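Here is the structure we will look at.
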Amino acid sequence: MPGLSKTRLSQLLDAALPVFAVAAALAVGAVMLLFLGVSPLEAYGALWDGAFGNANALAETLVKATPLLLVGLGICIAFRGDVINIGGEGQMVVGAILAILLGLNPPEWPGWMVITAALLAGFLGGAIWGAIPGFLKAYFGVNEILSTIMMNAIAVQLMNFLLRGPMIDPAQLEVASKIPQTARLADVFRLPRLVPTRLHLGAAIAVVLAVLVYILLWRTTMGYRIRAVGQNPHASRYAGINVKKNVVLALLLSGAFAGLAGAIQIYGVNYRMITDGSATGFTGSAGFNGIVAALFGQLHPLGTIPASVFFGALLVGANKMQRMVQVPSALITALNGLVVVFVVSSEVWRRRRQRRRLSAAVSAPEAADARETQATPMDRETSS
Amino acid sequence: MISDFFSMTVLVGILASGIRLATPYLYAAIGEVFGQRSGVLNLGVEGQMLLGAFAAFYVTFTTGNLWLGVLVAAIVGALMGLAMAVVTVNLQAEQGISGIGFYLFGLGMSDLLFQKLLGTVQTVSGFPKATIPVLSALPFIGDIFFSQNILVYGAFALVPVAWFVLNKTTLGLKIRAVGENPEAADSLGVSVARVRYFTIILGGTLSGIAGASLSIGMLNVFQQNMTSGLGFIAVALVYFGGWRPWGVLVGALLFSMVNSLQLWGQVLGIPLPSDIAVMMPYILTILVLVISVQRVRAPAALTKVFERGE
Numbered sequence: 101m102p103g104l105s106k107t108r109l110s111q112l113l114d115a116a117l118p119v120f121a122v123a124a125a126l127a128v129g130a131v132m133l134l135f136l137g138v139s140p141l142e143a144y145g146a147l148w149d150g151a152f153g154n155a156n157a158l159a160e161t162l163v164k165a166t167p168l169l170l171v172g173l174g175i176c177i178a179f180r181g182d183v184i185n186i187g188g189e190g191q192m193v194v195g196a197i198l199a200i201l202l203g204l205n206p207p208e209w210p211g212w213m214v215i216t217a218a219l220l221a222g223f224l225g226g227a228i229w230g231a232i233p234g235f236l237k238a239y240f241g242v243n244e245i246l247s248t249i250m251m252n253a254i255a256v257q258l259m260n261f262l263l264r265g266p267m268i269d270p271a272q273l274e275v276a277s278k279i280p281q282t283a284r285l286a287d288v289f290r291l292p293r294l295v296p297t298r299l300h301l302g303a304a305i306a307v308v309l310a311v312l313v314y315i316l317l318w319r320t321t322m323g324y325r326i327r328a329v330g331q332n333p334h335a336s337r338y339a340g341i342n343v344k345k346n347v348v349l350a351l352l353l354s355g356a357f358a359g360l361a362g363a364i365q366i367y368g369v370n371y372r373m374i375t376d377g378s379a380t381g382f383t384g385s386a387g388f389n390g391i392v393a394a395l396f397g398q399l400h401p402l403g404t405i406p407a408s409v410f411f412g413a414l415l416v417g418a419n420k421m422q423r424m425v426q427v428p429s430a431l432i433t434a435l436n437g438l439v440v441v442f443v444v445s446s447e448v449w450r451r452r453r454q455r456r457r458l459s460a461a462v463s464a465p466e467a468a469d470a471r472e473t474q475a476t477p478m479d480r481e482t483s484s
Numbered sequence: 087m088i089s090d091f092f093s094m095t096v097l098v099g100i101l102a103s104g105i106r107l108a109t110p111y112l113y114a115a116i117g118e119v120f121g122q123r124s125g126v127l128n129l130g131v132e133g134q135m136l137l138g139a140f141a142a143f144y145v146t147f148t149t150g151n152l153w154l155g156v157l158v159a160a161i162v163g164a165l166m167g168l169a170m171a172v173v174t175v176n177l178q179a180e181q182g183i184s185g186i187g188f189y190l191f192g193l194g195m196s197d198l199l200f201q202k203l204l205g206t207v208q209t210v211s212g213f214p215k216a217t218i219p220v221l222s223a224l225p226f227i228g229d230i231f232f233s234q235n236i237l238v239y240g241a242f243a244l245v246p247v248a249w250f251v252l253n254k255t256t257l258g259l260k261i262r263a264v265g266e267n268p269e270a271a272d273s274l275g276v277s278v279a280r281v282r283y284f285t286i287i288l289g290g291t292l293s294g295i296a297g298a299s300l301s302i303g304m305l306n307v308f309q310q311n312m313t314s315g316l317g318f319i320a321v322a323l324v325y326f327g328g329w330r331p332w333g334v335l336v337g338a339l340l341f342s343m344v345n346s347l348q349l350w351g352q353v354l355g356i357p358l359p360s361d362i363a364v365m366m367p368y369i370l371t372i373l374v375l376v377i378s379v380q381r382v383r384a385p386a387a388l389t390k391v392f393e394r395g396e
């Protein structure tokens, strides 16, 4: 049946849109490289080599991908519930603060228990930092984009205050420099490494959680409600769903995953908290790049896994590119921005095809596939 | 120490630098007012400011011409605005998320250009003080208001101009109509797309100038991520100010005065943790958002995609 295969083709095109978006961004990057007098092949070659060239490179890529995936999972939940969480940076910071507080003042528990409790503390910290904007949106109509950005700034100042004062490494008080950092975690409180590289257990935890988030969103009532509110709050209200509660819940969960990302960054990679005055100094912009990864993964938890690896690879490879062909790694930040712009812009073609499929389905009902009408949050004409 | 803090000279110093610090907020937030009144949320302000700041600095650094620097910053901002307009008007992309994309682009691009073209932090001699005759001789007032540079005066002059354009001209009426009820505006023959192109490009232009006011009107250097969140605060100020230029002015002054107070506090060694002081405006913004949302309504079509009916 020609109609059916056309539908399949159109669905395939939909699935490939983010890939086209990335290809377009890389093409723009290639033009920029040419302007900088660098061969794009050489630069991207160095990037690939830096990201996947050997076991260590691959491990670094996965280490970088871990916070992107965790933040991205939170983004999947939030965006599916039609709330936009730009607060990943702040949620990571607060999660990390709570987590390290526990590790530096540990109860007399075995190491694995302290680690588990610390990760839960990070989850909780992010949840609180996400729930506040959620509450303000649900009950006071405060735009969550703005409030999460404000919460980022507040979290950064809180971190700076704590690391310069109450939580500063006692050893730093002895010396003149007074680097704003905490003491180091004891060796027993570090997340175990998986192979003889820097790859740690956190990466595996993130993958398991991706599956759990998938189950949460598509196999539980809670997830169904979040998505229903995201797709049509009015219909959800008539169906008896508490819209306000689900808005808070979506942002709370979204923040919680970012908080966990912060905690895992401390227990798996840094082993202490140090500030250069900005959030990026700690997060490496994972709070923003996680959004990029989730969008690239089509706001699907499982799609976000390869997406995170891809963007982790870009970030790690960028360092090698900087060394080999002297192109600042900031290029990758710019390209990430373009990926976001291209992905959200390409939604227009998906919507058009969807409409065409819908009208085709109306005229030929037997060919209709109910799943085709499933909308993603960004498909709706209006969102606020 | 504490008594020093309240001496008249210090007070004048705090107020004068408060006025100066309000400049980038004003340019960026007034630009954003136009965009939002026409129904478009531009979250890319921070990125536009960074690229504008770099462009202004680089042009001034290489040519020594400050006005050429401002012009190029404005053009760069306008081009970013044009891209934003294509993406949000024609391609109907989600405004908040695409704005974050533009922010990341500006952040990375300005950093890349800085490292490639300058390499290290350089300085230029930025806009000099332009004291206004007679008025600047007034006691206290003169030092606070009339001994600033030309970009500062421009920012404050922009407020009544924006108010006038929005409320007293046909163009302003069209902008507001498109932001409140695009379908009705369209049926009356107003081109929604054209109005939004205009406001988004205007917003980008002003954001570019806001960046210039930082890099060649205030700090006289360019550094990576030198705006550090200023552009996002400018967006918040629009909500804070209830989408009105005068409200934005109040918000901008509030933020800049707190910043100035905190800077002077550090200089004078006031024992207040500066991190906590810096936190206050953000908390205040959230509180004001809570209050103002109950009081002032956002433009009805804000962030909504407009599509002409068949």
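If you're matching them up, the sequences are chains A and B in order. If you read the first sequence in the working numbering, its first letter stands for residue 101, the second for the next number, and so on. If you read the second sequence in the working numbering, its first letter stands for residue 87, the second for the next number, and so on. The beta carbon of each residue, even a glycine, is placed where N, CA and C say it ideally should be. No experiment lies behind these values; they were computed from the predicted model shown.
8 Å Cβ cutoff, residue i in contact with chain B
i, result
"glycine 181/A", "no"
"asparagine 243/A", "yes"
"arginine 260/A", "Arginine is not the amino acid found at residue 260/A; the sequence shown has asparagine there. Yes, its Cβ sits closer than 8 Å to a Cβ of chain B."
"threonine 433/A", "yes"
"serine 139/A", "no"
"glutamine 272/A", "no"
Minimum C-alpha distance to residue i - residue among the options
i, options, result
"valine 550/A", "Ala115/B, Phe200/B, Phe188/B, Ala102/B", "Absent from the model: residue 550/A. The displayed extent of chain A is 101 to 484, so no value can be given."
"methionine 424/A", "Phe411/A, Gln454/A, Glu142/A, Val131/A", "Glu142/A"
"alanine 159/B", "Leu136/B, Thr174/B, Phe318/B", "Leu136/B"
"phenylalanine 396/A", "Leu438/A, Ala304/A, Gly384/A, Lys278/A", "Leu438/A"
"valine 288/A", "Ala407/A, Gly417/A, Val462/A, Gly211/A", "Gly211/A"
"isoleucine 230/B", "Thr389/B, Gly104/B, Asn306/B", "Gly104/B"
"glycine 195/A", "Tyr239/A, Leu352/A, Gly129/A", "Leu352/A"
Pairwise C-alpha distance: residue j and residue i
i, j, result
"glycine 150/B", "serine 211/B", "9 Å"
"leucine 154/B", "threonine 248/A", "37 Å"
"isoleucine 184/A", "methionine 251/A", "14 Å"
"glutamate 472/A", "glutamine 454/A", "Residue confidence is low: glutamate 472/A scores 43 on pLDDT, short of 50, so the model does not pin down where it sits. No coordinate-derived value is stated."
"glutamine 257/A", "arginine 451/A", "42 Å"
"alanine 169/B", "valine 162/B", "11 Å"
"alanine 350/A", "isoleucine 326/A", "7 Å"
"threonine 95/B", "glutamine 272/A", "37 Å"
"isoleucine 254/A", "glycine 190/A", "8 Å"
"isoleucine 100/B", "alanine 296/B", "21 Å"
"serine 484/A", "proline 214/B", "Per-residue confidence for serine 484/A stands at a pLDDT of 36, beneath the threshold of 50, marking its modelled position as unreliable; the derived number appears in the next sentence. Taking the straight line joining both Cα atoms gives about 44 Å."
"asparagine 235/B", "serine 446/A", "44 Å"
"glutamine 474/A", "glutamine 398/A", "Low per-residue confidence applies at glutamine 474/A: pLDDT is 44, beneath 50, and the placement is therefore not dependable, though the value from the model is reported in the following sentence. Approximately 13 Å between the Cα atoms of the pair."
"leucine 169/A", "valine 382/B", "38 Å"
Residue i vs residue j beta-carbon contact at 8 Å
i, j, result
"leucine 259/B", "isoleucine 116/B", "no"
"valine 324/B", "glutamate 118/B", "yes"
"glycine 138/B", "alanine 386/B", "no"
"leucine 415/A", "isoleucine 391/A", "no"
"alanine 407/A", "alanine 199/A", "no"
"glutamine 181/B", "glycine 294/B", "no"
"leucine 244/B", "valine 251/B", "no"
"threonine 380/A", "alanine 159/A", "no"
"leucine 263/A", "methionine 373/A", "yes"
"glycine 403/A", "alanine 151/A", "no"
"alanine 125/A", "phenylalanine 357/A", "no"
Minimum Cβ-Cβ distance from residue i to chain A less than 8 Å
i, result
"valine 382/B", "no"
"alanine 179/B", "yes"
"lysine 254/B", "no"
"valine 364/B", "yes"
"valine 376/B", "yes"
"methionine 195/B", "yes"
"tyrosine 368/B", "yes"
"aspartate 361/B", "yes"
"leucine 340/B", "no"
"valine 379/B", "yes"
Contact set between residue i and chain E, taken where Cβ atoms lie within less than 7 Å
i, result
"threonine 371/B", "Protein chains in the displayed structure are A and B, and chain E is not among them."
Contact test: residue i Cβ vs the ligand FAD heavy atom, cutoff 7 Å
i, result
"phenylalanine 135/A", "Of the ligands one can find in the structure shown there are none, so the ligand FAD has no counterpart to examine."
Please list the segments of the alpha helix (DSSP H) lying wholly inside the stretch 307-367 of chain B, counting only runs of 4 or more residues, in order along the chain. 316-326, 331-353
Runs of 4 residues minimum, wholly inside the stretch 196-270 of chain A: which ones carry the alpha helix (DSSP H) assignment? 211-240, 244-264
Contained alpha helix (DSSP H) runs [length at least 4] in the stretch 108-138 of chain B, N- to C-terminal order: none
Which runs of the beta strand (DSSP E), 3 residues or longer, sit entirely within the stretch 438-463 of chain A? none
Could you pull out every unbroken alpha helix (DSSP H) segment of at least 4 residues lying fully inside the stretch 180-211 of chain B, listed in chain order? 181-199
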